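Data first, discussion second: the structure below is written as structure tokens.
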Amino acid sequence: MIFHSSFLMERRAFVKPNYLVFMKNVRKYLGLVSMSLVCASPLAAMVIQPFVGVTIVQQNVITVKGQVMDEKGEAIIGANVIVEGTAQGMITDMNGNFSFQCPVGAILKVSYIGYLSQTIKVSGNAGTLKVILKEDAETLDEVVVVGYGMVKKSDLTGSVASVNVDEMAKRNPVNIGQALQGAAAGVQVMRNGGDPSGETTIRIRGIGTVQGSADPLYVIDGIISSASMVNPADIASIEVLKDASATAIYGSRAANGVVMITTKQGDKNKSRINFTANLSVQSVNNTIDVADADLFTWGVRQSKAADGKSLTNLAWGEQYAGQLQTIDWQKEMTRTALSRNYRLSASGGSSTSNYMASIGYTKNDGTIINSWYERITARANAVSKIRDFLTVNTNLAYVRTGSHGGGNMRSYALTVPTMDHLDENGNLMNVPIKYPDGSYGVPLQEMNGDVPRGSDNLVARAYDNDSKNFTDRVQIDFGLTVDILKGLTFKTTNSYNVTNKSSWDYSPRNERTITSDGLDTFSMEMSRSSDWNSENYFNYIFDTKGHHINAMVGQSFNQSVDGFELKGSAKDFPADNYRDIASTLNSTTKNVEGALKVKTTSLSYFGRLIYSYKDKYLFTGTIRRDGSSAFGRTNRWGTFPSASVAWRLNEESFIKNLNIFSNLKFRIGWGKTGSSYGDGSKSIAQISTSKMYYYWWNGVNYTEQMGAAKDKEIDTNLHWETNEQTNLGIDMGFMDNALNVTLDYFIRNSYDLLLDRNMRPSTGFTSIYTNAGKIQNKGFEFAVNYRKTFGDWFVNVGVNGSALRNKVKEVGDPIFATEASKGYEWDNHSIIKNGYAIGSFYGYRVKGIFQNQAEIDALNNASSTGKYQSGSTQPGDYYYWDKDGNGYINADDKDIIGNGFPKLTYGISINANYRKWDFMLYGYGVYGQDILSYSAMSLSSIHNSTGEFQNCLQEYISNAWTPENHSTKYARMTVSDNNKNTRVSDAWIKKGDFFKLQNIQVGYTFDWGMRIYGSIENLFTISSYNKYGDPEIGTGRLNLVGYDSGRYPYQRTYSVGISLQF
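Going by our numbering, the final residue of the sequence shown carries number 1100, and the count climbs one at a time with no gaps.
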């Protein structure tokens, strides 16, 4: 829960640049009804006139009544009638009438979609007012932000999704990822866990690279920037450019889509101060149902007996059943946490200038003990028209974030649920988390026993460790807009940003565990990076006799100015909390290294032509030429064109006469974009001075000689990855645009992928970084929105979804993703292979569970090796599929067993308003997703990868195969696992479908300008995967889509908030 932008008057001006009018020719029945949305609605911003605000002093209050009609004398239903400068007012009823109390002398503002607003001063004898609104012919279309400009939504020819910022603000997102989650078709957002920072993985129309980045490009106020540079509460509009015809204007940086963000500006002739506050209480919403101490130790004894082994930790023997104390590590490692969010903003301006300044603060204590996240944001935007032809704009943004700690719910669930053991006299010791004297309890220490070696008290470890991360970001933008001639303007925007990062990790002396050397350790890292960007372009707009031309040509320059990385570590210091690497008492533990970052420069030229004829036939063409120092000298430039056309059929008489469509537009677009990866070092020949050469003499002996040689082979023709995309779309509006439907179908082909390819040994090198490989993404997207007024009710329902198929067309030798460090033979568990989705799961297929020895013997006898799987296979072990039919199981029997790309992602939002009350419901989900679950595997095994015991699911211990219980779901419990039941197989492919009711909120707006609300986040998740953890999995790694190894737990959050305007 982060900042909540004002629901009162602030939005009117902030939304204005992007919402000149919401729909063309929208008639009655489409008004925004609730007073909580009166000033948040786009329309309320569109019709503001430069009228100096009037301060309403305390005076007589009267009841003002009236009726709002159009020029034909028809009542306007749902018109906004408010007291200017406040949120007091109402919307007109079915007969266009309104009635409410307000002070004498107040200024009423009356507005409605597609009409010019009116202001009326309330007198003491006002009587019944008659208000006639005139159609506003110049503001009949919504305007959206695209690259280097804005266009009317009706003139769009590409695939662009606009995010409803008002609805987004209600959800109080902590970052851009959460703002986009479930809000736009074709945009998949998955949280990486419940970490207080709220990090997300964002993918627009799939993944089109193997070793590069699949993250979208972020453009904030016309400048390419980082998504973390903006507080979501400062955002006025968000547009997502999805297809290449829309993104190609950004060329080589737009292969993964573009997120256009416009921040809020001040309102001319009006000053406002807004304050919002939110307080949240959070608790873990899902814990894993693992065994208690008694059930766990029973399972241990069963496993030992099955393997013919005896206990080493005698406290786990049957004679102590019922005497062991259970430690619920999930409970002990988590807590109920507070989150506080505040934002204060001031805005205003004169007839020639405006400003907006804001400061925000967020503090989230974190639901895992000793973890937290903190953020401070500050922004100042100013625009000033210093001459009739010259406008100056400046933006300054600062963001500081800090975090501490973390954790993985799966690892807590797996920890042995008791620390009890026998003392030296054979007496049972009940070991608590913490003794009365403040010292911590410690589990039994065994190097080769039942208790995992190095076991420690998790709570003690969490409080001992001091790990902090800080990031400071500053960005300064300066721009000029020059009106040269009628219709011809020149704009330049220049930006400089700096990012400083620092982190440290300190662990005090720890003599609790036998695997620890007992020494205190300290490590730290620092880095700095900066770059500056310059965007310069001319824009010319010309209209004549039904022809509309909008032409733009420009140039862009970007350079990473400087940067460095430093890091060091050491052990054994003179005293506790001594954090000076140079002061280590053991110099052999000291390690310090650093490097300067490679400077990269890019230069671009671009142009765009938008043409329309009679608002029916539309064309957009763009071209961009990019050059980058990151590539080989012979191929540093790339050209990225696009073209798209659209036909507005609703303007044709044969469609108008049908009286079905209020909007009907067909779109088709094509374009190329590119992407690069790395800092340029891949295309630079590097010399190593530590090569050893061997000179033979007399044919037997040799001499070593140090020398210099080329360290790697380079491809001098290295160039951009290329994405070519075709898009077909249709936009439909019904019932005077009360119902709007958008459909898109796309094919995205990515080729010339940047890959490390193997080389022949005779070359002297093992691999070369070059352009090779193809990936295809294709899919279908839909968005449906219904807006309607029913008396005092206003309802807005939106549903969106996308179906995507990803396939590797060409990648050469398979590329594996490994988790070998986790053991259990989980190396190479995911693969990038021709004909399959990127990161497909790779393992064995399970045919069932052996129920008797006869089944095993029959297979062993038929095998040429004398054993089908293992000489130690027993009843209760998994029976694997012999893919190649050679009679025995080996690595050649591995198969593609699934992939993590969902067949469908979707989001739903419901907003309803009744008078001064507002209600919101928001959810999202996926269908058809496979999860390769390391979590499910480890939670379904009572032993870890080194043969020691760990806790596991209660369900597993109670239902595992035994001679008495011939389970067909869980294999037998074993310590040795000679059959390797825990290896990667489809036994650990789980159904990842889920739906989350992410936010439900109720708010009330008072007449005097205050809104209060209460909300619940993450109310519930419907999924069969909940027993292993949360099914929402975002890793950020391209080849680990749908792979789950546990994470920071998600929370259920209860919030209350307030919004004030002065």
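Where is the CB? At the ideal position from N, CA and C, for every residue including glycine. Since the structure is predicted, the reported quantities are computational estimates derived from the model, not experimental observations.
Discussion item. Please identify the residue among D426, D782, K583 and V480 whose C-alpha is closest to the C-alpha of T519.
Written reply: When each option's Cα is compared against that of T519, the closest is D426.
Worksheet item: Using 8 angstroms as the Cβ pair cut-off and three pairs as the minimum, do the segment 196 to 211 and the segment 272 to 288 touch?
Response: Under the three-pair Cβ rule at 8 angstroms, the segment 196 to 211 counts as touching the segment 272 to 288.
Item to complete: Determine the direct distance from the alpha carbon of S388 to that of N307, and round the result to whole angstroms.
Response: Taking the straight line joining both Cα atoms gives about 4 angstroms.
Item to complete: Tell me, please, which residues DSSP counts as bridged to T527.
Response: DSSP output for T527 lists D521 and N577 as bridge partner(s).
Worksheet item: Taking all protein chains shown into account, do 16 or more other C-beta atoms lie within 10 angstroms of the C-beta of S383, making it buried, or fewer, making it exposed?
Response: Of the other Cβ atoms in all chains shown, 16 or more fall within 10 Å of the Cβ of S383; this residue is therefore buried.
Worksheet item: Taking just the CA atoms, how far does G936 sit from H981?
Response: Going by the C-alpha atoms only, they are around 26 angstroms apart.
Worksheet entry | Span separating the alpha-carbon of T1091 from that of L362 | Straight across, the Cα-Cα distance linking T1091 with L362 is about 35 angstroms.
Worksheet item: Sorted by chain position, which residues of the same chain lie with C-beta nearer than 8 angstroms to Y651's C-beta, five sequence neighbours on each side aside?
Response: Excluding positions up to five away in sequence, the list reads G584, H585 and H586.
Practice prompt. Classify T801 as helix, strand or coil using the three-state DSSP reduction.
Written response: Three-state DSSP puts T801 in a helix.
Item to complete: Please name the residue or residues paired with R339 in a DSSP beta bridge.
Response: DSSP, once it has assigned bridges, lists no residue as partnering R339.
Item to complete: Report the three-state DSSP secondary structure of K208 (helix, strand or coil).
Response: DSSP places K208 in the helix class (H, G or I) of the three-state scheme.
Worksheet item: Looking at C-alpha atoms only, which residue of I698, D653, S667 and S691 is the closest neighbour of V683?
Response: Per the Cα distances, D653.
Item to complete: Classify M467 as buried or exposed, calling it buried when 16 or more other Cβ atoms lie within 10 Å of its own Cβ.
Response: Under this definition M467 is an exposed residue.
Practice prompt. Would you mind stating whether S541 and E563 have Cβ atoms separated by less than 8 angstroms?
Written response: Their beta carbons are under 8 angstroms apart, which means S541 touches E563 by this criterion.
Worksheet entry | Under the three-state DSSP convention, the category G632 falls into | Residue state, collapsed to three classes: strand.
Worksheet item: If S161 sits next to V142, beta carbons under 8 angstroms apart, how far is it from one beta carbon to the other, in whole angstroms?
Response: Contact flag correct, Cβ pair sits at about 7 angstroms.
Discussion item. Based on DSSP bridge pairs, tell me the residues matched to P679.
Written reply: Partner(s): I661.
Worksheet item: By a C-beta neighbour count over all protein chains shown, 10 Å radius and 16 as the cutoff for buried, is N98 buried or exposed?
Response: N98 should be labelled exposed.
Practice prompt. At 3 residues or longer, and completely inside the segment 816 to 891: list those beta strand (DSSP E) runs for me, N to C.
Written response: The qualifying runs are 831 to 848, 853 to 855, 868 to 870, 878 to 881 and 884 to 887.
Worksheet item: Based on the DSSP output, what are the partners of V227 in its beta bridges?
Response: Note: V227 sits in a beta bridge opposite I240.
Item to complete: Look at G839 and G938 and say whether their C-beta atoms are less than 8 angstroms apart.
Response: Not closer than 8 angstroms, so no.
Worksheet item: When the Cα of L842 is compared with those of G811, R241 and T101, which residue comes out closest?
Response: Nearest of G811, R241 and T101 to L842, Cα basis: R241.
Worksheet item: Can the beta-carbon of E993 be found closer than 8 angstroms to that of D327?
Response: Going by C-beta atoms, E993 is nearer than 8 angstroms to D327.
Item to complete: Excluding the 5 residues preceding and the 5 following A284 in the sequence, name in chain order all residues of the same chain whose CB lies nearer than 7 angstroms to its CB.
Response: The residues are V184, G196, S197 and V198.
Worksheet item: For V189 versus I648, is the C-beta spacing smaller than 8 angstroms?
Response: For V189 and I648, yes; Cβs fall inside 8 angstroms.
Fill in: Expected contact under 8 angstroms - CB spacing of L791 and K812 to nearest Å
At roughly 7 angstroms, the Cβ-Cβ gap stays under 8 angstroms, so L791 and K812 are in contact.
Discussion item. Let's test the definition: count the other Cβ atoms within 10 Å of the Cβ of K159 and tell me whether it reaches 16, buried, or not, exposed.
Written reply: Looking at its Cβ environment, which holds fewer than 16 other Cβ atoms inside 10 Å, K159 is exposed.
Worksheet item: From I946 to Y862, what distance separates their C-alpha atoms?
Response: Approximately 40 angstroms, taken between the alpha carbons.
Worksheet item: Just how far apart, CA to CA, sit A175 and S391?
Response: Here the model assigns A175 a pLDDT of 47, short of 50, so the residue's position is not dependable, and the following value carries that caveat. One C-alpha to the other measures close to 26 angstroms.
Worksheet item: How about S1097 and T314: are their beta carbons less than 8 angstroms apart?
Response: Yes, Cβ-Cβ distance for S1097 and T314 is below 8 angstroms.
Fill in: Minimum C-alpha distance to R916 - residue among R438, D830, S976 and R1010
According to the sequence displayed, residue 916 carries Tyr and not Arg. Nearest C-alpha to Y916: R1010.
Worksheet item: Going by the beta-carbon positions, is the gap between D488 and V338 smaller than 8 angstroms?
Response: Yes.
Discussion item. Quick check on R705: buried or exposed, where buried means 16 or more other Cβ atoms within 10 Å of its Cβ?
Written reply: Burial state of R705 is buried, judged by a 10 Å Cβ sphere holding 16 or more other Cβ atoms.
Discussion item. Helix, strand or coil for F611? Go by DSSP, reduced to three states.
Written reply: Coil.
Worksheet item: Thinking just about the alpha-carbon of each residue, which of N1037, E370, N408 and F784 is nearest to the one in E819?
Response: Of N1037, E370, N408 and F784, the residue nearest in Cα terms is F784.
Worksheet entry | Whole runs of the beta strand (DSSP E) within the segment 747 to 784, excluding any shorter than 3 residues | The qualifying runs are 759 to 772.
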